[in-house]
Amino acid sequence: MSHDGAIAVVVTHDGRVRDLQPADTVTARPAVQLSRDILECIHSAQALFDPGRPQPLR
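This is the structure we're talking about:
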């Protein structure tokens, strides 16, 4: 699970997204920022199970 304070992501051991829970406050974020934040949370959660997984450039 990864959580940035507004987005919570749960992934399975094989890296698949099982659950994605955005908080109501994310609607105030611009769409581009929101999509980046969601992907960052997903990648962070996946990295817990596969530390060798390449992380996206920031």
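Residue numbers for the sequence shown, in my numbering: 1030 to 1087. Ideal placement from N, C-alpha and C gives every residue a C-beta, glycine not left out.
Counting C-beta atoms within 10 angstroms of its own C-beta, residue 1057 has fewer than 16 neighbours from the protein chains shown and is therefore classed as exposed. When beta bridges are read from the DSSP output, residue 1050 appears opposite 1037. When rounded, the separation of the alpha-carbon atoms in residue 1053 and residue 1036 is 9 Å. Counting other Cβ atoms within 10 Å of its Cβ, residue 1060 stays below 16 and is therefore classed as exposed. Residue 1039 sits close to residue 1047, with the two beta carbons spaced by under 8 Å.
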